[in-house]
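*Asks:*
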Amino acid sequence: MFLQDKLKEILIEKKLIAEDDLKNALKLQKEKGGLLSDILIKMGLIDEKRLTLALSQSLNIPVLRLSKFKIDKEVIKLMPLELIKKYQILPLAKIGKILTVALGDPLNIFAIDDLKAVTGLHINPILALPSEVKENINKLFAQDTERTLEEILKKTEKPNLEFIPVQKEELSTQEVEEAPIVKYTYTLLKKAIEKRASDILIEPLEKKVKIRFRIDGVLREEELIPKNVHNFIVTRIKVMSKLNVAEHRLPQDGRFKIKINEREIDFRVSILPSSFGEKIALRVLDKSMGLLDLDSLGFEKDNLEKIKKSASMPHGMILVCGPSGSGKTTTLYAILKFVDSPEKNLITVEDPVEYQIKTATQINVNPEVGLTFASALRSILRQDPDIIMVGEIRDSETLDIAIKAALTGHLLLSTVHTTTASGAIVRLLNMGAENYLLTSCLICVIAQRLVRKLCEHCKEEKLIKREIIERLKMPCKSCEENVRVFVPKGCDKCFNTGYLGRIGICEVLSMSNEIRELILKNAQESEIRNKARSEGMRTLREDGFVKVIKGITSLDEVLRITAPD
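Add 759 to the 1-based position in the sequence shown for the working numbering, that's all there is to it.
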């Protein structure tokens, strides 16, 4: 507890502040908390020099200007940095058993007691301007962080990266080498790219900072770093993303680019305040990979033919559904690439634009200025499009315009966040779509997931009993008693995970007259799914089992990714 009563007595006795102003300051302190001295200074009722001088005279403690004093680094080592920062106390000199310290707040008696207990020395307090104490402590922490980063960087190679700023700003190689936090940030990004990470998570804990990479869809802990490095990493990433460095209370989103070995990598940044600091999530987008062909997605031949047939229709709606990170956008781009031709007008609305298509007009939504999916889609219809891609159908307004666009001679592609193909139909009906309009415009629904591929360099053969195959209903009618599958082992090529890369599995629900009748009758999801299966649709799990039999992925991976039918 701070001796606020003593401070009030000094202020009134010295006539440094009016009694009414003091009451207002005390009221503000009661509402928002904090030190009374800080509140008085922020309110402009007194400057810190006059306050410090008054405290010095009343408490008989001398004042020292730290700007004119050289601090001995050896004396600093007598106290933990955490204690220095907590109490805003700066060790200055040690003579025998007496330690002289500069105080920003001389009324904090518990700070003096704690110092005695930690150091075992007698404490000689000297008063200093709080701003100068804070400035010197920040420098100490910056130096400590620099030493920590240098130790981390000794174990890493020099990053061969080029930052591509949003505006015309350059970051020289010399600056990268001279600033440890810049170098460490780039080293971290380079490591993530080399390990094929799709996401980087920087998560502050109570005493450490955990860094995790999502590789092939699975999060893996990469390293633990000291907590005092965290704020500097956050600031660096905010600077790169053109975000507000001073904002720590609200979430922020941004993006930046870097170039490594002539590969341009785009990073989407999300910063979220948490109880231990700001958590950073970076989505890694390697634009050098270009757009994939439909044939390269790994879909089975029959499913691929259904998708190509649907995409060849002159108008209607094709939906891709699945959770975040299931490859929906990649599939949409592959379909766009399949249908693209010089005589067609392609327009996309995305949040954000992930890949550039030279032959398409691409719009990045910006809700802050009123450019939403719905408003953009409404304007697009006046641009004479043949094919429209909407990044996601999020609300009933976007859905209504999308259905009308599909009914009036446009091929519309979009995504919905549902887990199954039949569930997407029910979801659209719940969002307000009229069932008779939906049956008229919907061509097909693709539900998909990404499963990890077994590493071809180290996968091992394993025999499993036929009764397990039958219990799981795997498509293996001609198999013998023991069924051959492959399991992961781990080697240097796959970073000892047993998996290398990912491949798509999907269920394709093509609209038939029978399914349309079920939709018109407002049938349940299970009825629509059962009818589609009777017409030849394989579920996600069944499609995964096909890849298990082929030795592309493991049985454990399919069971992990998919739900029972």
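Ideal placement from N, C-alpha and C gives every residue a C-beta, glycine not left out.
Starting from the C-beta of K1103, find all residues in its chain whose C-beta is less than 7 Å away, skip the five residues before and the five after it, and write them out in chain order.
*Replies:* D1145 and I1146
*Asks:* Roughly how many angstroms separate the alpha carbons of I1320 and G1191, rounded to a whole number?
*Replies:* 30 Å
*Asks:* Unbroken alpha helix (DSSP H) runs of length 4 or more, entirely within the segment 1076 to 1107: which are they?
*Replies:* 1087 to 1098
*Asks:* Buried or exposed: where does L1031 fall if 16 or more other Cβ atoms within 10 Å of its Cβ makes it buried?
*Replies:* exposed
*Asks:* Would you say A1165 and H1074 are within 8 Å of each other, going by their C-beta atoms?
*Replies:* yes
*Asks:* I need the DSSP call for L785, collapsed to helix, strand or coil.
*Replies:* helix
*Asks:* So the beta strand (DSSP E) S1029 belongs to, where does it begin and stop?
*Replies:* R1022 to S1033
*Asks:* Looking at C-alpha atoms only, which residue of E1220, M1076 and E1127 is the closest neighbour of D1159?
*Replies:* The candidate whose alpha carbon is nearest that of D1159 is M1076.
*Asks:* Relative to the alpha-carbon of L1196, which residue among A951, K1163 and G1263 has its alpha-carbon at the smallest distance?
*Replies:* K1163
*Asks:* Assign M1012 to buried or exposed, taking buried as 16 or more other Cβ atoms, counted over all protein chains shown, within 10 Å of its Cβ.
*Replies:* The question names Met, yet the displayed sequence has Asp at residue 1012. Classification for D1012: exposed.
*Asks:* Based on Cα-Cα distance, which residue from I1308, V1079 and I857 lies nearest to G1150?
*Replies:* Nearest C-alpha to G1150: V1079.
*Asks:* Verify whether the separation of the beta carbon atoms of L1091 and L1105 is less than 8 Å.
*Replies:* no
*Asks:* Can the beta-carbon of A784 be found closer than 8 Å to that of I798?
*Replies:* yes
*Asks:* Since A1133 contacts E1109 with CB under 8 Å, what's their CB separation in whole angstroms?
*Replies:* Their Cβ separation, rounded to whole angstroms, is 14 Å, which puts A1133 and E1109 out of contact at 8 Å.
*Asks:* Looking only at C-alpha atoms, which of R1297, R1261 and I1278 sits nearest to T1312?
*Replies:* R1261
*Asks:* For L880, which of T859, K786 and K1060 has the nearest alpha-carbon?
*Replies:* Nearest of T859, K786 and K1060 to L880, Cα basis: T859.
*Asks:* Ignore the nearest five residues each way along the sequence and tell me which others in P884's own chain have a CB closer than 7 Å to its CB.
*Replies:* I820, V860, L862, P865 and I871
*Asks:* Nearest-angstrom Cα distance between L888 and F1035?
*Replies:* 29 Å
*Asks:* Contact check, L781 vs K767 under 8 Å by CB: the rounded distance?
*Replies:* 7 Å
*Asks:* What first and last residue would you give for the beta strand (DSSP E) that runs through R1042?
*Replies:* G1036 to D1045
*Asks:* Let's test the definition: count the other Cβ atoms within 10 Å of the Cβ of I771 and tell me whether it reaches 16, buried, or not, exposed.
*Replies:* exposed
*Asks:* Would A1285 be called buried (16 or more neighbouring beta carbons within 10 Å of its own) or exposed?
*Replies:* At residue 1285 the sequence reads Ser, which differs from the Ala that was named. Exposed: under 16 other Cβ atoms inside 10 Å.
*Asks:* Out of T1120, Q1207 and I1202, state which residue places its alpha-carbon closest to the alpha-carbon of N1272.
*Replies:* Per the Cα distances, I1202.
*Asks:* Just verifying my parser: in three-state terms, what is the DSSP assignment at P963?
*Replies:* Residue state for P963 is assigned as strand, using DSSP reduced to three classes.
*Asks:* Beta carbon of V998, beta carbon of I984: below 8 Å?
*Replies:* no
*Asks:* How do the segment 1252 to 1271 and the segment 1207 to 1217 stand: do at least 3 beta-carbon pairs fall below 8 Å, yes or no?
*Replies:* By the Cβ criterion, the segment 1252 to 1271 is in contact with the segment 1207 to 1217, since at least three pairs of Cβ atoms, one from each stretch, lie closer than 8 Å.
*Asks:* Please state if the CB of L1279 and the CB of N1194 are separated by a distance shorter than 8 Å.
*Replies:* yes
*Asks:* Can you give me the start and stop residues for the alpha helix (DSSP H) that N990 sits inside?
*Replies:* H989 to M999
*Asks:* Are the CB atoms of V1043 and A1070 within a distance shorter than 8 Å?
*Replies:* no
*Asks:* Please say whether S1029 and A1040 have beta carbons closer to each other than 8 Å?
*Replies:* With respect to the 8 Å criterion, A1040 and S1029 are classified as neighbours on the basis of their beta carbons.
*Asks:* State the DSSP-derived secondary structure class of Y1258, mapped to helix, strand or coil.
*Replies:* strand
*Asks:* Counting only beta-carbon separations shorter than 8 Å, does I798 have a partner in chain B?
*Replies:* Included in the structure is just one protein chain, with no chain B present.
*Asks:* I need the DSSP call for K927, collapsed to helix, strand or coil.
*Replies:* Its pLDDT being 36, under 50, K927 is placed unreliably in this model, and the coordinates cannot settle the point.
*Asks:* Candidates L825, S1181, A1161 and N1281: which alpha carbon is nearest S1173's?
*Replies:* Nearest in C-alpha terms to S1173, of all of L825, S1181, A1161 and N1281, is A1161.
*Asks:* Taking DSSP as the reference, what is the three-state secondary structure of N1289?
*Replies:* helix
*Asks:* How close, in whole Å, do the beta carbons of G1257 and C1200 come, if the pair is a contact with beta carbons under 8 Å?
*Replies:* About 44 Å separates the two Cβ atoms, so there is no contact after all.
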